[in-house]
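For the sequence shown, the numbering used here assigns the number 8 to the initial residue and increments by one for each residue that follows. Idealized CB from N, CA, C, for every residue including glycine. All figures in this text were calculated on a predicted structure; none of them were measured in a lab. This report concerns only the one structure given below.
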Amino acid sequence: MLARHDDNELDRGPKTGGTGSERLCAATRTIKPVGEMIRFVIAPNGTVVADIKRNLPGRGIWITATRAAIADAIKRNVFARGFKREVQVASDMVEITERLLERAALNALAIAGKAGDVVAGFSKVEAAIARERVVALLHASDGAGDGIRKLNAAWRRQLGDAAAAIAIIETFTSVQLDLALGRPNVVHAALFGGPASDVFLARFKRLEHFRAGTPDRPEQKDPQLRDGQGLGTE
8 MLARHDDNEL
18 DRGPKTGGTG
28 SERLCAATRT
38 IKPVGEMIRF
48 VIAPNGTVVA
58 DIKRNLPGRG
68 IWITATRAAI
78 ADAIKRNVFA
88 RGFKREVQVA
98 SDMVEITERL
108 LERAALNALA
118 IAGKAGDVVA
128 GFSKVEAAIA
138 RERVVALLHA
148 SDGAGDGIRK
158 LNAAWRRQLG
168 DAAAAIAIIE
178 TFTSVQLDLA
188 LGRPNVVHAA
198 LFGGPASDVF
208 LARFKRLEHF
218 RAGTPDRPEQ
228 KDPQLRDGQG
238 LGTE
């Protein structure tokens with residue numbers, strides 16, 4: 008079983024206040040909060056793996072958490088240069104990382120469901136909108152459009168202008184919602200406020216940014232860094 012290690016003990020790179028809250032992206036050469044990045048390590052078989060929870064042992068390098076940044080890192084052989092050794096990078100590394108982020112979000116949704124922060128079913132969601140402190144609506148991506156429109160309209164009537172600040176999530180399929188919430192035929196669900204809900208929303212936001220984001224320009228590039236150096240490894 009892999010032991011947990013603190014990031015500060017593992018990876019060299021720009022940090023703030025000794026807390027290890029920032030790292031240098033090996034692909035874009037920009038300094039970012041660790042929450043906007045993904046850490047990668049080398050498995051015992053020499054394969055590069057995404058350390059989504061940032062708790063795997065060994066040296067790590069950090070890449071901006073977007074599909075484009077990781078694809079660019081693969082194209083430019085950033086992993087081999089960063090780790091200073093030959094490594095194996097899966098041809099579908101981007102897709103593998105996306106699935107890991109998606110799984111992390113769904114696991115968080117499952118925990119929110121167990122905490123009692125989720126109700127599912129059209130009538131229960133409709134009632135929750137009218138009476139509860141709902142922080143997000145979830146609709147299955149393969150759900151019927153009519154039900155989605157009705158619940159979203161009820162949401163807007165209830166909250167008015169404030170409705171624009173609340174999340175409406177249509178990312179996951181009905182099967183994925185079924186598995187996460189432990190019940191069949193989930194098409195509509197409402198998420199209430201709470202610590203578990205906050206974790207899910209943060210992970211969902213990270214997944215969405217990964218899919219939509221693009222690599223940054225090197226606005227904060229360290230002038231002392233040269234190609235192949237300072238890539239955030241130990």
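Legend entry - Which of helix, strand or coil DSSP assigns to Lys91: As a position in the sequence shown, residue 91 is number 84, starting the count at 1. Coil at Lys91, not helix or strand.
Inset, instruction - Could you have a look at Gly239 and say whether DSSP puts it in helix, strand or coil? - result: Numbered from 1 along the sequence shown, position 232 holds the residue referred to as residue 239. Any answer about Gly239 is weak, because its pLDDT of 47 lies below 50 and its placement is not dependable; what the coordinates show is given next. Note: Gly239 maps to coil in three-state DSSP.
Legend entry - Proximity winner among Val142, Glu139 and Gly128, relative to Ala151 (alpha-carbon distances): As a working note, residue 151 is residue 144 in the sequence shown. Selected option, being the one with the closest Cα: Gly128.
Inset, instruction - Could you say if the region 190–201 and the region 37–51 meet the contact criterion of at least three C-beta pairs nearer than 8 Å? - result: Two segments are said to touch when three or more pairs of C-beta atoms, one from each, lie closer than 8 Å; by this definition the region 190–201 does not touch the region 37–51.
Inset, instruction - For Gly123, count neighbouring Cβ atoms within 10 angstroms of its own Cβ and tell me buried if that reaches 16, exposed if not. - result: For the purposes of this step, residue 123 is taken as the residue at position 116 of the sequence shown. Counting Cβ neighbours within 10 Å, Gly123 comes out exposed, since fewer than 16 surround it.
Inset, instruction - Inspect the beta-carbon positions of Arg210 and Ala111 and report whether they are closer than 7 Å. - result: Mapped onto the sequence shown, residue 210 falls at position 203. Mapped onto the sequence shown, residue 111 falls at position 104. Result yes, Cβ atoms of Arg210 and Ala111 sit closer than 7 Å.
Inset, instruction - Taking 7 Å as the cut-off, decide whether the C-beta atoms of Phe207 and Glu139 are in contact. - result: By one-based count along the sequence shown, residue 207 stands at place 200. By one-based count along the sequence shown, residue 139 stands at place 132. No; because the gap between Cβ atoms is not below 7 Å, this pair is not in contact.
Legend entry - DSSP bridge partner residues for His216 (one or two, in chain order): Here the question's residue 216 lines up with position 209 in the sequence shown. Answer is none; His216 lacks a bridge partner.
Inset, instruction - Spatial neighbours of Leu113 within its chain, please: CB distance less than 8 Å, with the 5 preceding and 5 following residues excluded, ordered by chain position. - result: Taking the first residue of the sequence shown as position 1, residue 113 is located at position 106. Cβ within range, chain order: Phe179, Gln183, Leu186 and Ala187.
Inset, instruction - Measure the Cβ-Cβ separation of Ala143 and Ile118 and say whether it is below 7 Å. - result: Locating residue 143 in the sequence shown gives position 136, counting from the first residue. Locating residue 118 in the sequence shown gives position 111, counting from the first residue. At least 7 Å separates the beta-carbon of Ala143 from that of Ile118.
Legend entry - Residue closest to Gly65, alpha-carbon to alpha-carbon, out of Gly120, Ala75, Ala50 and Ile77: Within the sequence shown, numbered from 1, the residue matching residue 65 stands at position 58. Residue Ala50 is the option with its Cα nearest to Gly65.
Inset, instruction - Look at the alpha carbon of Leu63 and the alpha carbon of Val56, and state the distance between them as a whole number of angstroms. - result: Reading the sequence shown from its first residue, position 56 is the one you call residue 63. Reading the sequence shown from its first residue, position 49 is the one you call residue 56. Cα-Cα distance, rounded: 10 Å.
Inset, instruction - Just mark Arg106 as buried or exposed, buried being the case when its beta carbon has 16 or more other beta carbons within 10 Å. - result: Looking up residue 106 in the sequence shown gives position 99. Taking a 10 Å sphere around the C-beta of Arg106, we find fewer than 16 other C-beta atoms and assign the residue as exposed.
Legend entry - Closest by C-alpha distance to Phe86, when choosing among Leu108, Ile70, Asp99 and Val141: For the purposes of this step, residue 86 is taken as residue 79 along the sequence shown, with counting starting at 1. Nearest C-alpha to Phe86: Ile70.
Legend entry - CB of Ala33 within 7 Å of CB of Ile77, strictly: Taking the sequence shown and counting its residues from 1, the one referred to as residue 33 is at position 26. Taking the sequence shown and counting its residues from 1, the one referred to as residue 77 is at position 70. Not closer than 7 Å, so no.
Legend entry - Bridge partners - Met44, DSSP secondary structure assignment: Residue mapping note: residue 44 aligns to position 37 of the sequence shown, counting from 1. By DSSP's assignment, Met44 forms a beta bridge with Thr71.
Legend entry - Element boundaries [beta strand (DSSP E), containing Glu29]: Counted from its first residue, the sequence shown places residue 29 at position 22. Unbroken beta strand (DSSP E) run through Glu29: Glu29 to Leu31.
Inset, instruction - Quick one: residues in its chain with C-beta nearer than 6 Å to the C-beta of Ala203, no 5 flanking neighbours on either side, listed in chain order? - result: Along the sequence shown, read from residue 1 onward, the residue named residue 203 stands at position 196. The beta carbon of Ala203 sits closer than 6 Å to those of Ile118, Ala119, Ala122 and Asp124, all from its chain and outside the five residues before and after it, given in chain order.
Legend entry - Cβ-Cβ distance between Val126 and Ala197 below 7 Å: The residue given as residue 126 occupies position 119 in the sequence shown. The residue given as residue 197 occupies position 190 in the sequence shown. It is a contact, given that the beta carbons lie within the stated cut-off.
Legend entry - Best match in Val141, Ile103, Glu133 and Asp168 for proximity to Ile155 [C-alpha to C-alpha]: On the sequence shown, position 148 is the one that residue 155 refers to. When C-alpha distances from Ile155 are compared across Val141, Ile103, Glu133 and Asp168, the shortest belongs to Glu133.
Inset, instruction - Excluding the 5 residues preceding and the 5 following Ile81 in the sequence, name in chain order all residues of the same chain whose CB lies nearer than 8 Å to its CB. - result: As a position in the sequence shown, residue 81 is number 74, starting the count at 1. Contacts found: Val96, Met100 and Val101.
Inset, instruction - Look up Thr104 in the DSSP assignment and give the residues it is bridged to. - result: For the purposes of this step, residue 104 is taken as residue 97 along the sequence shown, with counting starting at 1. Beta-bridge pairing links Thr104 to no other residue.
Inset, instruction - Using three-state DSSP, classify Lys60 as helix, strand or coil. - result: In the sequence shown, counting from the first residue as 1, residue 60 sits at position 53. It is coil, neither helix nor strand.
Inset, instruction - Report all residues from its chain with a CB closer than 8 Å to the CB of His195; omit the five preceding and five following residues, and keep chain order. - result: Position 188 of the sequence shown, counting from 1, holds the residue named residue 195. The residues are Ala127, Gly128, Phe129, Val132, Leu144, Leu145, His146, Ala147, Gly150, Gly154, Ile155 and Leu158.
Legend entry - Alpha-carbon spacing of Leu166 relative to Ala160, whole angstroms: Position 159 of the sequence shown, counted from the first residue, corresponds to residue 166. Position 153 of the sequence shown, counted from the first residue, corresponds to residue 160. Distance between the alpha carbons of Leu166 and Ala160 is about 10 Å.
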